[in-house]
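Visitor: Have a look at this one.
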Ligand SMILES: Cc1ncc(COP(=O)(O)O)c(C=O)c1O
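Below is the structure:
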């Protein structure tokens, strides 16, 4: 099928772009020694996991469902499994045993959770089947942090602050994890790491124990550090050389395994949301295109963040001859995608292509107003499009 023939609304994954992002990440892994994980919260089109698994070291999950998805699907075409990490602010008692069976790294958000679940994870960790970490809060907000995306904002529940931690790592804990970035370049990561290295210095292995075979003193058993997500590594202007140097520094100074768990960077600019103009409504301001997609239902970050998504062949309002407001067929007055201008007047039936729609879209969409969910398709390397998922009335009804 050609892209122009697919029924709308539809999310289309651009396989070529996805592969290119993976190649960049694989190169960073190779040259730095870091292990890069896919944060499934941003992108979970599991039908493409075999492709991604060829390049990355594993997945990270926000809970048992994502962990199960990775366990079932993140397998290379040759049948090789990858690492499966999970972090959640609180784990349910009835999920913990399964989590410890299907994951190899579990990260706890509080010392209470760590101790509460110790009877389940403890024996697995002692048997070397599981590595346990704690999420620390580096208390380092970057300059351009949006408050709702800032885990270090005052009052945050995400990660344990230094003041609430003992000087030495709790027994059995082998890793520390932090996450404080969102769509950032390398510098904020560098600044965060420097703060973590200083504030949590007592957790980092002492140099004399680095390469020794002898006993590691209790509380100094750190084996890995996870630098979280929010790194826009695949963006053209990202300072990848800086990142590679930092990872090499951590590995050579402390002998730690270094994990990065970006979500966006894996599928950045690797998908479109294709929509059709259904009506054109004149208003006391600019004309509004009614589309068969919705910001509120199909791209909620547009409203949550907020941002105006890139649209193919369109410019900012007023730059080209025809300016419109793009909106949806829901009842929500504020369900507005943005204002754009076009070279030609728009007509009913025209198709529009929102770009960068693979991330935080399908994983967040909903059926408010009974809006149909967009289908999902993959555009393969030679531009042929394969429909992989069609949604209908039952997908709306079954959630109620
Ligand atoms: C703990 C954690 N890891 C990784 C990520 C992925 O971040 P991004 O998609 O911005 O790279 C997030 C995003 O919220 C997160 O909370």
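Residue numbers (the numbering used here): 19 to 418. Positions of the beta carbon are idealized from the N, C-alpha and C atoms, including for glycine.
1) From this set, 258, 183, 381, 213, which residue's C-alpha is nearest residue 204's C-alpha?
2) Output needed for residue 44: all residues of its chain with C-beta closer than 6 Å, excluding positions within five of it in sequence on either side, in chain order.
3) DSSP beta-bridge partners for residue 341?
4) Residues in the same chain with beta-carbon distance under 7 Å from residue 407, minus the five sequence neighbours each way, listed in chain order, please.
5) With a threshold of 16 other CB atoms inside 10 Å of the CB of residue 126, please say whether the residue is buried or exposed.
6) Less than 7 Å between the CB of residue 327 and some heavy atom of ligand 1, yes or no?
7) Run the CB neighbour count on residue 336, radius 10 Å, all protein chains shown included, and call it buried at 16 or more, exposed below.
8) Rank 276, 161, 290 by C-alpha distance to the C-alpha of residue 24 and give the top, closest one.
9) Measure the CB-CB distance between residue 193 and residue 240 and report whether it falls below 8 Å.
10) Please tell me whether, using a cut-off of 7 Å, the distance from the CB of residue 164 to the nearest non-hydrogen atom of ligand 1 is below it.
11) Grouping DSSP H, G and I as helix and E and B as strand, with all else coil, what is residue 32?
12) CB-CB under 6 Å to residue 200, same chain, minus the five flanking residues each way: which ones, in chain order?
13) Which partner residues does residue 101 have in the DSSP bridge list?
14) Identify which residue in 27, 132, 186, 274 has its Cα closest to the Cα of residue 312.
15) DSSP three-state call for residue 268: helix, strand or coil?
16) Going by beta-carbon coordinates alone, are residue 185 and residue 220 separated by less than 8 Å?
17) Out of 345, 63, 353, 319, state which residue places its alpha-carbon closest to the alpha-carbon of residue 396.
18) Is residue 288 close to ligand 1? I mean its beta-carbon at under 7 Å from any heavy atom of the ligand.
19) Taking the alpha-carbon of residue 152 as reference, which of 124, 165, 172 has the nearest alpha-carbon?
20) Go ahead and label residue 162 buried or exposed: buried means 16 or more other beta carbons lie within 10 angstroms of its beta carbon, across all protein chains shown.
21) Mind checking whether residue 79 and residue 46 have CB atoms under 8 Å apart?
22) List in chain order: all unbroken alpha helix (DSSP H) runs of 4+ residues lying wholly within the region 277 to 346.
23) Does the beta-carbon of residue 73, which I'm using as the reference point, lie nearer than 7 Å to any heavy atom of ligand 1?
24) In angstroms with no decimal places, state the Cα-to-Cα distance between residue 67 and residue 110.
25) In terms of residue numbering, what span does the beta strand (DSSP E) encompassing residue 370 cover?
26) By the 10 Å Cβ neighbour count, where 16 or more other Cβ atoms means buried, how is residue 61 classified, buried or exposed?
27) What are the start and end residues of each continuous beta strand (DSSP E) run of 3 or more residues lying completely inside the region 164 to 230, in chain order?
28) Considering residue 93, what are the terminal residues of the beta strand (DSSP E) in which it resides?
Guide: If we stick to the structure as given:
1) Nearest in C-alpha terms to residue 204, of all of 258, 183, 381, 213, is 258.
2) For residue 44, the CB contacts under 6 Å within the same chain, skipping 5 residues up- and downstream, are 73 in chain order.
3) 359
4) 393, 394
5) buried
6) Incorrect: residue 327 has no Cβ contact closer than 7 Å to ligand 1.
7) Exposed: under 16 other Cβ atoms inside 10 Å.
8) 290
9) In this structure, residue 193 lies near residue 240, with their beta-carbon atoms less than 8 Å apart.
10) For ligand 1, not one heavy atom lies less than 7 Å from the Cβ of residue 164.
11) strand
12) 167, 248
13) Answer by DSSP bridge pairing, in chain order: 76.
14) 27
15) helix
16) yes
17) 63
18) no
19) 124
20) exposed
21) No, they are not a contact pair.
22) 282 to 285, 313 to 316, 319 to 322
23) no
24) 27 Å
25) Following the DSSP letters along the chain, one finds residue 370 inside the beta strand (DSSP E) bounded by residues 369 to 373.
26) buried
27) Those beta strand (DSSP E) runs which fall completely within the region 164 to 230 and span 3+ residues are 191 to 195.
28) In the DSSP assignment, residue 93 falls outside any beta strand (DSSP E), carrying neither H nor E.
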